[in-house]
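**Student:**
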Amino acid sequence: MKLLCGDGDPTTSEGLRAIYAPPRLPWLRVNMVSSVDGAATGADGLSGTVNNKVDVDVFHALRDLADAVLVGAGTAIAETYQAGGTPIVVVSGRGRVPDDLRGSEPGAVRLATCSDSPGLTAARDELGAENVYVVGSSEVDLAALLARLHDEGLRHLLCEGGPTLLASLLDAGVVDELTHTITPKLLGGDGRRIVTGPPIDVPVTLASLIEQDGTLLGRWLVGR
Numbered sequence: 000m001k002l003l004c005g006d007g008d009p010t011t012s013e014g015l016r017a018i019y020a021p022p023r024l025p026w027l028r029v030n031m032v033s034s035v036d037g038a039a040t041g042a043d044g045l046s047g048t049v050n051n052k053v054d055v056d057v058f059h060a061l062r063d064l065a066d067a068v069l070v071g072a073g074t075a076i077a078e079t080y081q082a083g084g085t086p087i088v089v090v091s092g093r094g095r096v097p098d099d100l101r102g103s104e105p106g107a108v109r110l111a112t113c114s115d116s117p118g119l120t121a122a123r124d125e126l127g128a129e130n131v132y133v134v135g136s137s138e139v140d141l142a143a144l145l146a147r148l149h150d151e152g153l154r155h156l157l158c159e160g161g162p163t164l165l166a167s168l169l170d171a172g173v174v175d176e177l178t179h180t181i182t183p184k185l186l187g188g189d190g191r192r193i194v195t196g197p198p199i200d201v202p203v204t205l206a207s208l209i210e211q212d213g214t215l216l217g218r219w220l221v222g223r
């Protein structure tokens, strides 16, 4: 790995952790990947056809640093998320608990939903009421969710998308950092970009940039 911008040594695991350490707490980082032409998913609709080993290595390093992972229900279902290690908080306005996350150890999987959710009762039965966060009435109040997680000591949060959840977090003005991997591929097609939704205009500042084998790993501080 070669550091093109910023300070630190990305060639060791300790150095890489130092580069990605949050400058303060609480901190919300969103981690996304895309091809050179901006595709966040491949022809199969999954990010696995976009990423590569370099991205996966950093993906795991970021998870190791985080207190909890936030992910949209659609992404968790499509990418077949598995519980283990860092707690996973699934964001679902409908109260969906992905099948692959059912039956997990208590507290390993949590759900953020709203009081009008059709799946609220079933989610409480599956995960336990203490692991279901009801934040908002008709839609998930993301700022309230973050405050709840912070109160529980989960202050360094990592969101892994998808693009719709990232758009909602940006709209709520709660994102501190975007880590964005660009893999050396051109995919074409009509796949989604890393942010899906109405046009936005959010300034970002480059904090660090790492290159390995043509893959670029950027840390962008998000303006509010």
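Here numbering that gives the first Met the number 0 is used: the first residue of the sequence shown is 0, the next is one more, and so on.
Every residue, glycine too, gets a C-beta built ideally from N, C-alpha and C.
#1: Restricting to runs no shorter than 4 residues, where is the alpha helix (DSSP H) found entirely within the segment 33-97?
#2: Just how far apart, CA to CA, sit G152 and V133?
#3: For the candidate residues D115, G84, E125 and P97, whose alpha-carbon lies nearest to that of A107?
#4: When you measure from the CB of D54 to every non-hydrogen atom of the ligand HEM, does any distance come out below 7 Å?
#5: If you draw a straight line from the C-alpha of A67 to the C-alpha of V90, how long is it?
#6: Buried or exposed: where does P105 fall if 16 or more other Cβ atoms within 10 Å of its Cβ makes it buried?
#7: Please work out which residues of its chain come closer than 6 Å, Cβ to Cβ, to L216, disregarding the five sequence neighbours upstream and downstream, and give them in chain order.
#8: Would you report the Cα separation of V53 and T178, rounded to the nearest angstrom?
#9: When the Cα atoms are used, what is the spatial distance from N50 to H149?
#10: Which first and last residues belong to the alpha helix (DSSP H) in which G14 is found?
#11: Along the alpha helix (DSSP H) that carries L110, what are the first and last residues, could you check?
#12: Count the C-beta pairs between the segment 180-195 and the segment 30-43 that are closer than 8 Å, then say yes if the count reaches three, no if not.
#13: Mind checking who M31 pairs with in its DSSP beta bridge?
#14: Would the beta-carbon of A142 fall within 8 Å of that of V174?
#15: Taking the straight line between their C-alpha atoms, what separation do you get for T204 and L45?
#16: Per DSSP, I209 forms a beta bridge with which residues?
#17: Taking Cβ positions, are G190 and A166 nearer each other than 8 Å?
#18: Taking only the alpha-carbon atoms, compute the straight-line gap between C158 and L126 and give it to the nearest angstrom.
#19: State the DSSP-derived secondary structure class of L157, mapped to helix, strand or coil.
#20: Please identify the residue among A60, R62, M31 and L61 whose C-alpha is closest to the C-alpha of G47.
#21: Let me know the secondary structure DSSP gives T204 once reduced to three states.
**Tutor:** Looking at the atomic coordinates:
#1: You should have 52-64 and 72-77.
#2: G152 and V133 have their C-alpha atoms some 18 Å from each other.
#3: Nearest option by C-alpha distance: G84.
#4: Because no ligand of any kind appears in the structure shown, any question about the ligand HEM cannot be addressed here.
#5: A67 and V90: Cα-Cα distance of roughly 13 Å.
#6: With fewer than 16 Cβ atoms within 10 Å of its Cβ, P105 is classed as exposed.
#7: The residues are V57, T180 and I209.
#8: Distance between the alpha carbons of V53 and T178: 13 Å.
#9: If you draw a straight line from the Cα of N50 to the Cα of H149, it is about 30 Å long.
#10: Note, G14: alpha helix (DSSP H), S12 to Y19.
#11: Following the DSSP letters along the chain, one finds L110 in no alpha helix (DSSP H) but inside the beta strand (DSSP E) bounded by residues V108 to T112.
#12: The segment 180-195 vs the segment 30-43: in contact.
#13: Looking at the DSSP output, M31 sits in a beta bridge with H179.
#14: No, these two residues do not count as a Cβ contact at 8 Å.
#15: If you take the alpha carbons of T204 and L45, they lie about 28 Å apart.
#16: Answer by DSSP bridge pairing, in chain order: L2 and L216.
#17: No Cβ-Cβ contact shorter than 8 Å links G190 with A166.
#18: For C158 and L126, the distance between alpha carbons rounds to 20 Å.
#19: Strand.
#20: The residue with the shortest Cα to Cα distance from G47 is M31.
#21: If DSSP states are grouped into helix, strand and coil, T204 belongs with the strands.
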